[in-house]
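In our numbering, the protein residues as written are 2 to 251. Okay, so here's the structure we're looking at.
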């Protein structure tokens, strides 16, 4: 497992990596004194994903502020969590691809530890009652978190959970999203100038795919532009749309 953690921390902008499974244990490069916080945060994030699945939402990533940066949490099959302590400005698509690249190995390491082909070591912490007892001893209080959403008008409200503890975690504020959300909405207007009434359907489909694959941050808006452009039929339409986007002073 050490090799997998090393591969994850080698991604640009990633400071520490942790792997959490309620059934199979916890592995992390975080300092020992911080691991109880990450375990508690992992339990809370696992509850978030479970709650979202119960209402047919398909989030696979959650972003939380942590020590001036982010905890970026990915859920991979078998309800395994990969948590990365990252800087705030990172290439989210590339990091996500890095996680996907090792997800199959992680599953095999956790579910088939007796197989020497996959047993690469790593400091494991067993989880039964460990996180809750550690937090009780520390007297830690827990926040209520919600996934960041680029379209709060479509998915409103906070996900109410019986949260577990994490001292230095707090939800990412939505202020920055509210500030640049008009920029994303403006793309639909530009699209309508090129394709007319069809813009609504094209935009809705592309926005949904963009939200599923990319973090809702301004740096990833160009990927939405690419998705929209790819849906246009002719080269002329693509050129017109890109020119209109390039002409705007965001």
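Each residue gets a CB set at the ideal place from its N, CA and C atoms; glycine is no exception.
Taken in chain order, the complete beta strand (DSSP E) segments of 3 or more residues contained in the segment 26 to 68 are 26 to 29, 62 to 67.
Classified as exposed, residue 59 has fewer than 16 neighbouring CB atoms from the shown chains inside 10 Å of its CB. When DSSP states are grouped into helix, strand and coil, residue 24 belongs to the coil group. No Cβ-Cβ contact shorter than 7 Å links residue 192 with residue 202. Of all alpha-carbon atoms in 39, 99, 194, the one lying nearest the alpha-carbon of residue 30 is that of 39. Secondary-structure assignment with DSSP links residue 75 through a beta bridge to 62, 83. For residue 213, DSSP records no beta bridge to any residue. Taking the Cα positions, residue 78 is about 12 Å away from residue 103. When C-beta atoms of the segment 15 to 29 are compared with those of the segment 80 to 92, three or more pairs fall below 8 Å, so the two segments count as touching. Between residue 50 and residue 76 a beta carbon distance of about 5 Å is seen, short of the 8 Å cut, so the two are scored as contacting. Assigned with DSSP and collapsed to three states, residue 16 falls in strand.
Rounded to the nearest angstrom, the Cβ distance from residue 210 to residue 228 is 6 Å, consistent with a contact under 8 Å. Note: residue 70 is bridge-paired with 67 in the DSSP secondary-structure output.
If you look at residue 91, you'll find it isn't in any alpha helix (DSSP H); DSSP assigns it neither H nor E. Counting along the chain, the unbroken alpha helix (DSSP H) around residue 3 starts and ends at 3 to 10. In this structure, DSSP gives residue 104 a helical state, which the three-state scheme calls helix.
Buried is the label assigned to residue 99, since at least 16 other Cβ atoms lie within 10 Å of its Cβ. Around residue 53, the same chain offers 60 as residues with beta carbons nearer than 6 Å, after the five sequence neighbours per side are excluded.
Residue environment for residue 45: buried (at least 16 other C-beta atoms within 10 angstroms of its C-beta). Going by C-alpha positions, residue 249 is about 10 Å away from residue 184. Using a Cβ distance threshold of 7 Å, residue 226 and residue 196 do not count as a contacting pair. CA-CA distance, residue 23 to residue 10, rounds to 22 Å. Looking only at 68, 70, 41, the smallest Cα-Cα distance to residue 82 is reached by 41. Following the DSSP letters along the chain, one finds residue 230 inside the alpha helix (DSSP H) bounded by residues 222 to 231.
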